[in-house]
Amino acid sequence: MTAWMMWLAGASTLVLLAYLVYALLRAEDLE
1 MTAWMMWLAG
11 ASTLVLLAYL
21 VYALLRAEDL
31 E
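Structure (structure tokens):
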């Protein structure tokens, strides 16, 4: 794997995790 591929994979993972945390916080606030 090239460096840019690893950077892209890492960025995608961080974005996905951030979205999941945001969704969980939103769900708790809605209840």
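Numbering-wise (full-length UniProt numbering), the sequence shown opens with residue 1 and increments by one.
Cβ atoms here follow ideal geometry from the backbone N, Cα and C, with glycine treated the same way.
For residue i and residue j, I'd like the C-alpha separation in whole angstroms.
{"i": "residue 4", "j": "residue 22", "result": "27 Å"}
{"i": "residue 10", "j": "residue 24", "result": "21 Å"}
{"i": "residue 12", "j": "residue 18", "result": "10 Å"}
{"i": "residue 8", "j": "residue 26", "result": "27 Å"}
Leaving aside the five residues before and after residue i along the sequence, list all residues of the same chain whose C-beta is less than 8 Å from its C-beta, in chain order.
{"i": "residue 6", "result": "none"}
If you follow the alpha helix (DSSP H) that residue i is in, where does it begin and where does it stop?
{"i": "residue 28", "result": "3-30"}
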